[in-house]
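Colleague:
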Amino acid sequence: MKTMTSLRTLALGGVLIASCAAAFAGDKPNVVILATGGTIAGAGASVANSATYQAAKVPVDKLIASVPELVNVADVRGEQVFQVASESLTNENLLALAKRVAALSRQADVDGIVITHGTDTLEETAYFLNLVVHTNKPVVVVGSMRPGTAMSADGTLNLYNAVSVAASKDAAGKGVLVTMNDEIHTGRDVSKAVNIKTEAFKSPWGPLGMIVEGKNYWFRNPAKRHTNQSEFDIDKIEKLAPVEIAYGNGNATPTAYRAFAGTGVKAIIHAGTGNGSVSNAVVPTLQELRGKGIQIIRSSRVVGGGFVLRNAEQPDDKYDWVVSHDLNPQKARILASVALTKTQDSKELQRVFMEY
Ligand code: DAS
0 MKTMTSLRTL
10 ALGGVLIASC
20 AAAFAGDKPN
30 VVILATGGTI
40 AGAGASVANS
50 ATYQAAKVPV
60 DKLIASVPEL
70 VNVADVRGEQ
80 VFQVASESLT
90 NENLLALAKR
100 VAALSRQADV
110 DGIVITHGTD
120 TLEETAYFLN
130 LVVHTNKPVV
140 VVGSMRPGTA
150 MSADGTLNLY
160 NAVSVAASKD
170 AAGKGVLVTM
180 NDEIHTGRDV
190 SKAVNIKTEA
200 FKSPWGPLGM
210 IVEGKNYWFR
220 NPAKRHTNQS
230 EFDIDKIEKL
240 APVEIAYGNG
250 NATPTAYRAF
260 AGTGVKAIIH
270 AGTGNGSVSN
280 AVVPTLQELR
290 GKGIQIIRSS
300 RVVGGGFVLR
310 NAEQPDDKYD
320 WVVSHDLNPQ
330 KARILASVAL
340 TKTQDSKELQ
350 RVFMEY
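Using numbering that gives the first Met the number 0, the first residue of the sequence shown is number 0, and each one after it goes up by one.
(1) Report whether the distance from the Cβ of A54 to the nearest heavy atom of ligand 1 is below 7 Å.
(2) Take T340 and list the residues in its own chain whose beta-carbon comes closer than 7 Å to its own, dropping the five residues that flank it on each side.
(3) Contact defined as beta carbons within less than 8 Å: I believe R209 pairs with A47. What is the distance between those atoms, to the nearest angstrom?
(4) With 16 other CB atoms within 10 Å as the buried threshold, where does K291 fall?
(5) In chain order, what residues of the same chain lie with their CB nearer than 6 Å to the CB of A152, ignoring the 5 residues before and after it?
(6) DSSP three-state label for M150, please.
(7) Among the residues of its own chain, which have a CB less than 7 Å from the CB of Y256, if the five just before and after it don't count?
(8) Let me confirm a value: A338 is counted as buried when at least 16 other C-beta atoms fall within 10 Å, else exposed. Which label applies?
(9) Say the cut is 7 Å; is the CB of T51 nearer than that to a heavy atom of ligand 1?
(10) Out of G172, R105, G263, which has the shortest C-alpha to C-alpha gap to I293?
(11) Name the one or two DSSP bridge partners that Y52 has.
(12) Let me make sure I understand the geometry here. Which of R105, D110, A64 has the alpha-carbon closest to that of V31?
(13) For ligand 1, any of its heavy atoms closer than 7 Å to the Cβ of E198?
(14) For Y126, is the classification buried or exposed, using 16 other Cβ atoms within 10 angstroms of its Cβ as the cut-off for buried?
(15) Mapping the DSSP letters down to three states, classify V321 as helix, strand or coil.
(16) Is the distance from the Cβ of V66 to the Cβ of Y216 below 8 Å?
(17) Which runs of the beta strand (DSSP E), 3 residues or longer, sit entirely within the segment 141 to 193?
(18) Jot down the residue ranges of each uninterrupted beta strand (DSSP E) in the segment 80 to 117, minimum 3 residues, whole runs only, in chain order.
(19) Using alpha carbons as the reference points, say which of S323, A161, T120, V80 lies closest to N408.
(20) Using C-beta distances below 8 Å, list every residue in its chain close to D169, excluding the 5 sequence neighbours before and after it, in chain order.
(21) With distances taken Cα to Cα, identify the nearest neighbour of V139 among G147, T124, T148.
(22) Any heavy atom of ligand 1 closer than 7 Å to the Cβ of A34?
(23) Exposed or buried, which one is R219 when buried takes at least 16 other CB atoms within 10 Å?
(24) Within 8 Å, do at least three Cβ pairs link the segment 52 to 61 to the segment 71 to 84?
(25) Would Q392 be called buried (16 or more neighbouring beta carbons within 10 Å of its own) or exposed?
(26) Out of G142, D60, V307, S167, which one is the CA nearest neighbour of V177?
Structure follows, in structure tokens:
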């Protein structure tokens with residue numbers, strides 16, 4: 000396995016990408032690790048610091064060197080795409096990352112791709128890649144809840160599992176995957192459900208399977224369109240539509256929605272109470288903003304396991320609003336920001352939310 004021979008930098012979309020010019024050597028599947036930062040690249044002051052640390056410190060070559068057993072599952076090389084905590088990953092970062100993933104997936108000498116990533120917005124990145132990267136090859140996003148410097152750090156096994164899945168033929172064609180805490184999730188469903196323990200990532204409809212000692216155990220397949228089945232293509236997207244999220248509550252006022260409208264958003268995701276409900280004080284403003292061409296998309300602040308039902312407690316047909324189906328507000332923002340690059344029609348938008 001060759002990991003790093005030399006570093007050269009590429010500028011892509013204004014983002015500096017450091018790429019190692021290593022060639023793959025060996026007879027195992029070739030896996031590229033794209034490092035973006037996060038806790039998996041974090042460092043704390045002592046082994047007792049499992050939650051107090053600095054994210055985005057350890058470079059990709061050191062991440063790879065921290066798991067020598069990778070040689071047993073794949074020939075690996077790394078690229079440092081960003082070095083940021085994922086709460087700060089912008090739309091521009093997402094575009095640059097997806098373009099890199101798409102380009103690598105077209106290379107005959109690349110069998111699988113792993114993205115190491117902060118856990119805060121891992122769910123958005125994984126869903127975005129699932130929507131816009133056209134490939135059948137395994138693409139696996141992975142993070143960790145503890146820095147590598149801590150006792151019982153989870154990053155090394157998570158990375159080993161991610162590379163193992165990315166090197167697996169039976170992981171092909173399943174869309175973008177997320178491996179965390181021995182589980183394999185679809186990038187579409189998974190979200191960070193707990194903010195401070197290793198069993199943090201949950202999918203409302205359950206994981207696709209598990210990875211144990213380098214072997215994949217599958218129990219279900221993705222139900223929605225992804226990757227090669229997607230009508231959205233990163234190679235045809237240069238800018239995402241601006242979309243914001245407003246959090247619903249009983250005392251809500253129109254302030255946030257009007258402020259978002261003033262910035263030129265194309266859609267507002269309403270993180271509503273219960274079945275995506277909207278307080279009476281806010282309904283007239285949403286109707287007015289819809290009349291000005293802004294899409295209104297009802298999601299729910301209620302965490303996974305259900306879906307927002309159209310025309311149940313809000314007359315969506317009458318107001319020409321869209322429902323996010325089972326997508327949480329942050330996933331709905333990603334889908335809307337992609338779909339609105341292709342259509343401004345609310346009926347088309349509703350179809351997209353039912354299919355992706
Ligand atoms: N700040 C968090 C992030 O980068 C750290 C982590 O959990 O990865 O998403």
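Using N, Cα and C, we set each Cβ at its ideal position, and we do this for glycine too.
Modeller: Straight from the coordinates:
(1) Within the sequence shown, the letter at position 55 stands for residue 54. Yes, ligand 1 has a heavy atom inside 7 Å of this Cβ.
(2) Within the sequence shown, the letter at position 341 stands for residue 340. Closer than 7 Å at the Cβ level, and outside the excluded window around T340, lie I236, L239, A240.
(3) Here residue 209 is taken as the residue at index 210 of the sequence shown, counted from 1. Here residue 47 is taken as the residue at index 48 of the sequence shown, counted from 1. Residue 209 is actually Met in this sequence, not Arg. Actually they do not touch by this definition, with Cβ atoms about 30 Å apart.
(4) Sequence index remark: in the sequence shown, residue 291 carries index 292 (1-based). By the 10 Å Cβ count, K291 comes out exposed.
(5) As a position in the sequence shown, residue 152 is number 153, starting the count at 1. Cβ neighbours of A152 beyond the five flanking positions: R145.
(6) If you number the sequence shown from 1, residue 150 lands on position 151. M150 falls in the coil class under three-state DSSP.
(7) Against the sequence shown, residue 256 aligns to sequence position 257. Closer than 7 Å at Cβ, skipping near neighbours: A245, I267, V281, T284, L285, L288.
(8) If you number the sequence shown from 1, residue 338 lands on position 339. So A338 counts as buried.
(9) Looking up residue 51 in the sequence shown gives position 52. No.
(10) Against the sequence shown, residue 293 aligns to sequence position 294. Among G172, R105, G263, the Cα nearest to that of I293 is on G263.
(11) Taking the sequence shown and counting its residues from 1, one reaches residue 52 at position 53. Y52 is not bridged to any residue.
(12) Translated into the one-based positions of the sequence shown, residue 31 becomes position 32. Closest by alpha carbon: D110.
(13) Here the question's residue 198 lines up with position 199 in the sequence shown. E198 Cβ: outside cutoff for every heavy atom of ligand 1.
(14) On the sequence shown, residue 126 is found 127 positions in, with the first residue counted as 1. With 16 or more Cβ atoms within 10 Å of its Cβ, Y126 is classed as buried.
(15) Numbered from its first residue, the sequence shown carries residue 321 at position 322. V321: strand per DSSP, three-state reduction.
(16) Residue numbering aside, residue 66 sits at position 67 when the sequence shown is read from its first letter. Residue numbering aside, residue 216 sits at position 217 when the sequence shown is read from its first letter. Result no, Cβ atoms of V66 and Y216 do not sit closer than 8 Å.
(17) 176 to 179, 182 to 185
(18) 111 to 115
(19) The chain is shown from 0 up to 355; residue 408 falls before or after that span and cannot be answered.
(20) Position 170 of the sequence shown, counted from the start, is the residue given in the question as residue 169. Same-chain partners within the cutoff: N215, W217.
(21) One-based indexing of the sequence shown puts residue 139 at position 140. The residue with the shortest Cα to Cα distance from V139 is T124.
(22) Position 35 of the sequence shown holds residue 34. No; taking the cut-off as 7 Å, the Cβ of A34 has no heavy atom of ligand 1 nearer than that.
(23) For the purposes of this step, residue 219 is identified with residue 220 of the sequence shown, where counting begins at 1. It counts as exposed.
(24) yes
(25) The chain is shown only over 0 to 355; residue 392 falls outside these bounds and no answer can be derived.
(26) Within the sequence shown, residue 177 is the residue found at index 178, counting from 1. For the residues G142, D60, V307, S167, the minimum Cα distance to V177 belongs to G142.
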